[in-house]
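Asker: Listed in order, the protein sequences are those of chains A and Y. Numbering-wise, our numbering puts 89 at position 89 of the first sequence, and it's gapless, one number per residue. Here our numbering = 1-based position in the second sequence + 1000. Every residue, glycine too, gets a C-beta built ideally from N, C-alpha and C.
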Amino acid sequence: MTATEANTHDHHGPSYMAIFWWLAVLTVLELIVIYTPMSKVAIGILLIALASSKATLVAMYFMHLKFETRTLGYIALTPAVIGALLVFVLLPDLRGSAHKTADEKKVETAAEP
Amino acid sequence: MNQAATLEHPAVERAESPLTPESWGKLGMWIFLAGDAVGFGVLLASYGALRAGSADWPNPAHYLGISLTAFMTFLLICSSVTMVKALEALRREELGRAQMFLGLTILGGALFLGMQAYEWTHNIHRGLLVFGNPWGATLFGTSFYVITGFHGLHVTGGVIYLSTILALLARLKSFERRYMITEIGGLYWHFVDLVWIMVFTFMYLL
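1) Quick one: list the residues of chain Y neighbouring methionine 141/A, beta-carbon separation under 7 Å, in chain order.
2) What number of angstroms, rounded off, separates the C-alpha of alanine 42/A from the C-alpha of leucine 31/A?
3) Indicate whether leucine 1102/Y and alanine 1086/Y have their beta-carbon atoms separated by less than 9 Å.
4) Using only the alpha-carbon positions, how far apart do asparagine 1123/Y and arginine 1092/Y sit?
5) Could you spell out the range, first to last residue, of the alpha helix (DSSP H) harbouring phenylalanine 1040/Y?
6) Counting only C-beta atoms, is phenylalanine 20/A closer than 9 Å to chain Y at any point?
7) Between the stretch 1104-1116 of chain Y and the stretch 1064-1075 of chain Y, do at least 3 Cβ pairs fall closer than 8 Å?
8) Tell me whether the beta-carbon of valine 28/A lies closer than 9 Å to the beta-carbon of aspartate 1193/Y.
9) Would you mind stating whether isoleucine 1147/Y and leucine 1043/Y have Cβ atoms separated by less than 9 Å?
10) Which word fits methionine 1001/Y, buried or exposed, when buried means at least 16 other C-beta atoms lie within 10 angstroms of its C-beta?
11) Which residue or residues does DSSP assign as beta-bridge partners of leucine 1129/Y?
12) Tell me, please, whether the CB atom of alanine 76/A is closer than 9 Å to any CB atom in chain Y?
13) Could you tell me the alpha carbon to alpha carbon distance between leucine 85/A and isoleucine 1184/Y, rounded to whole angstroms?
14) Please classify proline 92/A as buried or exposed, where buried requires at least 16 neighbouring CB atoms within 10 angstroms.
15) By the three-class DSSP mapping on this structure, what secondary structure does threonine 1006/Y have?
16) Please list the partners that isoleucine 1197/Y has in chain A, where partner means a Cβ-to-Cβ separation under 8 Å.
17) In chain order, what residues of the stretch 1072-1096 of chain Y put their CB closer than 8 Å to some CB of chain A?
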C-alpha cells in the first residue's frame, strides 16, 4: 500500500479534532462527577461509564479499530473479556470484608470465649 | 546494507497478513497490546480487590493531586491528537508536517514524565512510600507506585520508540514505509493514552 493508496482509504467518520473535544468534555465531566453529591455507587458507575466511553473513542478512532477487520476487533476485545472474568474471579474479595493480619486474627481468636 | 535499506527491502514482508493486509507488524503490535492490556487489567483488578478488602483505604481524590493529574490526562489526549495528525500528514505525503507533529507528540510524552516525576517527588515528601502511607493502608502506597510506575515505564518506552521513528522518517525514502512504521508506533502511543484514562479513573477519581 502506498501512502497515496492510504489516502484513498480516508476514514469516514468524525474528525480527529471532534474526538479530541469529546475526550476533553468527558474528562471535565469526570471531574464534575466526583464533586457531585451522590452515593458512592452512583459516582463509581458514572466514572467507569465515562472512562469506558473515552477508552472506546481512543480505540475506535485514534487506533482506527472502527475501520479494521472484525477479527482484529476480537483480538482487541480479548483483554476486556479476560478483565471481566478476572473481576468475576475476584468477586469474593471485592465484597468488602476487611483483610486481617495474622496477629489481628490471633488477637480475635484469643478474645473469643 | 544500512538499516533504512533493510526496512525498505521487499523481503521484509513476504506475505500479507489476512487481518492487516498492510503489514504483519501491525498485527504483531495489536497482539502485543492485547497481552499488555491484560497485564494492566490484572494490576487494576488487584487494586480493586485490595481496596475493597481494606478497612482504612484513603480516598485518593482527597490525598492525590487531582488537578495535576487531570492536566496530565489532557496532555496525553493532546499528544494522541498530534500523533494522528502526524499520520494524517504522512498520508498526504507531507514529511515536514509529519515530523513536526511527531516531535510534538514526543514533547507531550516527555512533559507527562516530568509531571509524573514531580508528583512522585511531592508525594514522597508527604510520606507516601512504597512501604508506608501516613493516611491509612500501606498497600495504597505500594499499589500507587507500582501501577503509575508501570504506566510511566510504558510512556518512557513510547518516547524512545517515537524518537526512533522520528529519526527513521528522515532516512527512509518510501512514504509507504514511513506511513507503516508511524502507524504501528501510533498504535502503541494511543494504547498508553487509553491505559492512562483507566488508571486516572481507578487510581485518582474512584
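Answerer: Answer, in terms of the structure:
1) What the structure shows of chain A is the stretch from 1 to 113, and residue 141/A is not part of that stretch, so it cannot be assessed.
2) For this step, residue 42/A is matched to residue 42 along the first sequence. For this step, residue 31/A is matched to residue 31 along the first sequence. If you take the alpha carbons of alanine 42/A and leucine 31/A, they lie about 14 Å apart.
3) The residue labelled residue 1102/Y in the question sits at position 102 within the second sequence. The residue labelled residue 1086/Y in the question sits at position 86 within the second sequence. Taking 9 Å as the cut-off, the beta carbon of leucine 1102/Y is found closer than this to the beta carbon of alanine 1086/Y.
4) For this step, residue 1123/Y is matched to residue 123 along the second sequence. For this step, residue 1092/Y is matched to residue 92 along the second sequence. Approximately 45 Å between the Cα atoms of the pair.
5) By 1-based counting over the second sequence, the position of residue 1040/Y is 40. Residues 1024-1052.
6) What you label residue 20/A is simply residue 20 of the first sequence in a count that begins at 1. Interface residue, yes.
7) For the pair of segments examined, the stretch 1104-1116 of chain Y was found to touch the stretch 1064-1075 of chain Y: the number of CB pairs separated by less than 8 Å reaches three.
8) Position 28 of the first sequence, counted from the start, is the residue given in the question as residue 28/A. Position 193 of the second sequence, counted from the start, is the residue given in the question as residue 1193/Y. No, Cβ-Cβ distance for valine 28/A and aspartate 1193/Y is not below 9 Å.
9) Looking up residue 1147/Y in the second sequence gives position 147. Looking up residue 1043/Y in the second sequence gives position 43. Yes, Cβ-Cβ distance for isoleucine 1147/Y and leucine 1043/Y is below 9 Å.
10) Residue numbering aside, residue 1001/Y sits at position 1 when the second sequence is read from its first letter. Residue confidence is low: methionine 1001/Y scores 42 on pLDDT, short of 50, so the model does not pin down where it sits. No coordinate-derived value is stated.
11) Along the second sequence, one-based indexing puts residue 1129/Y at 129. DSSP output for leucine 1129/Y lists Gly1132/Y as bridge partner(s).
12) If you number the first sequence from 1, residue 76/A lands on position 76. At least one chain Y Cβ lies under 9 Å of alanine 76/A.
13) Within the first sequence, residue 85/A is the residue found at index 85, counting from 1. Within the second sequence, residue 1184/Y is the residue found at index 184, counting from 1. Looking at the two C-alpha atoms, the distance is approximately 29 Å.
14) For the purposes of this step, residue 92/A is taken as the residue at position 92 of the first sequence. Counting Cβ neighbours within 10 Å, proline 92/A comes out exposed, since fewer than 16 surround it.
15) Within the second sequence, numbered from 1, the residue matching residue 1006/Y stands at position 6. Below a pLDDT of 50, predicted positions are generally treated as unreliable, and threonine 1006/Y, at 47, falls in that range; no measurement from the model is reported.
16) As a position in the second sequence, residue 1197/Y is number 197, starting the count at 1. The contacting residues are Ala51, Lys54, Ala55, Val58.
17) So the close ones are Thr1073, Phe1074, Ile1077, Cys1078, Ser1080, Val1081, Met1083, Val1084, Lys1085, Glu1088, Leu1090, Arg1091, Arg1092, Glu1093.
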